[in-house]
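Everything below concerns the one structure shown next.
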Amino acid sequence: MTVRRADAQRNYARILAVAEAEVAAHGAEASLEQIARVAGVGSATVRRHFPGRRAMLQAVFHERVEALCARAGELAEAADARTALLEWLGALTTYAASARGMADVLVPDGQAEADHANACAVQIGGAVAPLVRNAAKAGAVGQDVTVADLVALVTGITLATERHPDPVAEAHRLLALAVQGISPRPAQDGDGAAAER
């Protein structure tokens, strides 16, 4: 029984790694059958772990949330609070914009999925709050800016750019415009220009 459980865990880890790569390449339309082929397992094995595409996407999303939270923890001790927060927002934007269709698919459908989405939001909020606090203390963002505000901003940008030929580049361009409003860089050398490059 222990061997079977270990095999199942290895299969799950392999399938999830392939699913992450396929979602990055093909967005929310990633095929469960293609995932099974690349992972070297049968379709039934994939469906045992992920009964449908939504379950697979939620698992991929959860793994990415963990990585984004870990990155926020690393950046919390950075000397430049503004740069740290913007780096994290850039990472969130890159991920959200590269997973085409994921935002629509992950909109909660029923109470269980609403609970899952809320748990992810709480997890992200707890991890990123120190970055926002540090940036506010440094005067890099307003005292009223919240993690929820920033995640909503990135979500809106990625939904708006989802069908763009280069959604990641366009999302980052729009994020840079938004950042000028959220956290304008002070004018330097008396040039009177608040430059965000």
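Position one of the sequence shown corresponds to residue 1 (the UniProt record's numbering), numbered consecutively onward. Think of the CB as a built atom: it goes at the ideal place given N, C-alpha and C, for glycine as much as any other residue. Computed from a predicted model, the values in this text were never measured in an experiment.
Distance, residue j Cα to residue i Cα
i	j	result
Gln-143	Ala-160	27 Å
Arg-47	Ala-140	47 Å
Val-145	Ala-30	35 Å
Ile-124	Val-65	7 Å
Cys-120	His-62	7 Å
Ala-44	Ala-81	48 Å
His-49	Lys-137	45 Å
Pro-184	Ala-84	15 Å
DSSP three-state assignment for residue i, whether helix, strand or coil
i	result
Pro-130	helix
His-164	coil
Thr-146	coil
Gly-90	helix
For residue j and residue i, believed in contact at Cβ under 8 Å, the rounded distance
i	j	result
Gly-90	His-164	Actually they do not touch by this definition, with Cβ atoms about 17 Å apart.
Val-154	Ala-96	6 Å
Ala-13	Ala-99	That pair is no contact at about 20 Å.
Thr-93	Leu-175	5 Å
**Request:** Count the CB pairs spanning the region 57-69 and the region 32-39 that are closer than 8 Å, and state whether there are at least three.
**Result:** no
**Asked** Are the region 123-140 and the region 67-84 touching by the rule of at least three beta carbon pairs closer than 8 Å?
**Response** Flag = yes, the region 123-140 and the region 67-84 touch.
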